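In what follows, a structure is listed as structure tokens, so that the remarks can point back to it.
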Amino acid sequence: MTKDHPKVELHLHLEGAAPPAFIRGLAAEKHIDIRGIFDEAGNYRFSDFGDFLKVYEAATEVLKSPEDFHRLTLAVLEESARSGVIYSETFLSPDFCGGRDVVAWRDYVDAIREAADLAERRDGIVLRGIVTPIRHFGPDKARETALCAAETAGDWIVGFGIGGDEKSGKLRDFRWSFDAAREAGLRLTAHAGEWGGPDSVRDAMRDLDVERIGHGVRAIEDLALVDEIAEKGIVLETCPGSNIALGIYPNWRAHPVHRLRERGVKVTVSTDDPPFFHTTMAREYQMLAEAFDWDDGVFHDIALTSARAAFCDQGTRDKILKILEKAYA
Ligand code: ADE
Ligand code: ZN
Numbered sequence: 001m002t003k004d005h006p007k008v009e010l011h012l013h014l015e016g017a018a019p020p021a022f023i024r025g026l027a028a029e030k031h032i033d034i035r036g037i038f039d040e041a042g043n044y045r046f047s048d049f050g051d052f053l054k055v056y057e058a059a060t061e062v063l064k065s066p067e068d069f070h071r072l073t074l075a076v077l078e079e080s081a082r083s084g085v086i087y088s089e090t091f092l093s094p095d096f097c098g099g100r101d102v103v104a105w106r107d108y109v110d111a112i113r114e115a116a117d118l119a120e121r122r123d124g125i126v127l128r129g130i131v132t133p134i135r136h137f138g139p140d141k142a143r144e145t146a147l148c149a150a151e152t153a154g155d156w157i158v159g160f161g162i163g164g165d166e167k168s169g170k171l172r173d174f175r176w177s178f179d180a181a182r183e184a185g186l187r188l189t190a191h192a193g194e195w196g197g198p199d200s201v202r203d204a205m206r207d208l209d210v211e212r213i214g215h216g217v218r219a220i221e222d223l224a225l226v227d228e229i230a231e232k233g234i235v236l237e238t239c240p241g242s243n244i245a246l247g248i249y250p251n252w253r254a255h256p257v258h259r260l261r262e263r264g265v266k267v268t269v270s271t272d273d274p275p276f277f278h279t280t281m282a283r284e285y286q287m288l289a290e291a292f293d294w295d296d297g298v299f300h301d302i303a304l305t306s307a308r309a310a311f312c313d314q315g316t317r318d319k320i321l322k323i324l325e326k327a328y329a
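Residues in the sequence shown are numbered from 1 upward in steps of one, following this note's numbering.
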């Protein structure tokens, strides 16, 4: 599967997609010493998921102004477009964009959106934003994040999610934030079933009433849950390369994405934090084709599932569906 197939990506962390050279460049400009987060080859260096989160947060230290996020967005979308991505949704955190101050947050969203408009004109790629509290920062900060999200909800900020350490706290403690986001018209997703097992996925469905789940792959450990996910039409934003890089599964053939799909679950494919995991959307497609013998028909189906599950308006969705229809005809 090549980079030429048009792709739809639903699970991408904007800061996590920052090329290491971009972060190093900003660090040099601002005289911030973050050399410790890189290895000799210049890639991000981390040992496990906890360490990954620390390195991720250290990298955000150099992303200070709306202008920095403008430049970041352009760099990230250039890379996505190179992989054939035509539509992408990115997680954005007010924690890293103005410290959850609503007035500052607006400036960051404006700058990111402006860059997205430029990239759309330059590369034809369309971007939308999903506001995301960080679970290990706790429910109080998540409330502030939800208020930022509600202020900017509209045709560009279209969703609300939660990322961070899945082992930290209980999802039900974030219910207020998710309810506020829903009332503001935002569509909902939550990271679950990455580091937590089936109960964690059940919590996301029951306590937050989300329509998509970030990862969700460990639902495979309980087939009754898999059947419930399929029946309810909940969409899994799987990120196989991320799971393998972080050691959740030993290799591509051991990843449950194929079994979940075979059992009727709506699965989509994304990169999560591509440079951290040495992946791209083109590589995800390539590795899945090799591991599971997936052909064009499967990738077409996955792209259609992704487009239908996207949080954008119907007009934008129709445009994406038209491109997919043409490409796979
Ligand atoms: N934030 C960035 N990447 C993440 C991941 N894979 N899981 C949870 N939170 C994240
Ligand atoms: Zn993620």
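From the three backbone atoms N, C-alpha and C, an ideal C-beta is built for every residue, glycine too.
All figures in this text were calculated on a predicted structure; none of them were measured in a lab.
Here's the rule I'm using: 16 or more other beta-carbon atoms within 10 Å means buried, otherwise exposed. How should residue i be labelled?
i	result
Lys167	exposed
Glu284	buried
Ala17	buried
Val158	buried
Gly193	buried
Asp273	buried
Ser83	buried
Glu40	exposed
Ser200	buried
Arg122	exposed
Leu223	exposed
Glu89	buried
Val103	exposed
Ser270	buried
Asp68	buried
Arg206	exposed
His31	exposed
Pro66	buried
Pro94	buried
Taking only heavy atoms of the ligand ZN into account, decide whether any of them is closer than 7 Å to the Cβ of residue i.
i	result
His191	yes
Asp95	no
Gly214	yes
Asp123	no
His356	Shown here, the chain extends from 1 to 329; a query on residue 356 therefore has no answer.
Using 7 Å as the cut-off, classify the Cβ of residue i as near or not near the heavy atoms of the ligand ADE, replying yes or no.
i	result
Gly163	yes
Glu194	yes
Ser242	yes
Asp272	yes
Gly16	yes
Tyr56	yes
Measure the Cβ-Cβ separation of residue i and residue j and say whether it is below 8 Å.
i	j	result
Leu171	Leu92	no
Val210	Thr238	no
Glu221	Gly197	yes
Gly98	Tyr87	no
Leu26	Ala310	no
Ile112	Pro133	no
Val217	Leu246	no
Arg128	Gly164	no
Ala303	Leu288	no
Gly214	Thr189	yes
Val226	Arg263	yes
Throw me the rounded Cβ distance for the residue i and residue j pair, which I believe falls under 8 Å.
i	j	result
Arg100	Glu144	4 Å
Asp115	Thr73	In the sequence as presented, Asp is not what sits at residue 115; that position holds Ala. The Cβ separation is near 4 Å, so the contact holds.
Ser384	Phe277	Outside the shown range of the chain, which is 1 to 329, sits residue 384, and nothing can be said about it.
Ala180	Ala146	4 Å
His70	Ala327	Not really, about 30 Å apart at Cβ, beyond 8 Å.
Phe96	Leu63	6 Å
Phe174	Phe160	The Cβ separation is near 10 Å, so there is no contact.
Asn43	Pro20	6 Å
Pro240	Val257	5 Å
Val55	Phe49	Not quite, the Cβ-Cβ distance comes to about 11 Å (not below 8 Å), so this is no contact.
Phe125	Ser80	Per the sequence presented here, residue 125 reads as Ile, with Phe not at that position. Contact holds; Cβ gap of about 6 Å.
Glu151	Arg106	7 Å
Val76	Ile320	That pair is no contact at about 19 Å.
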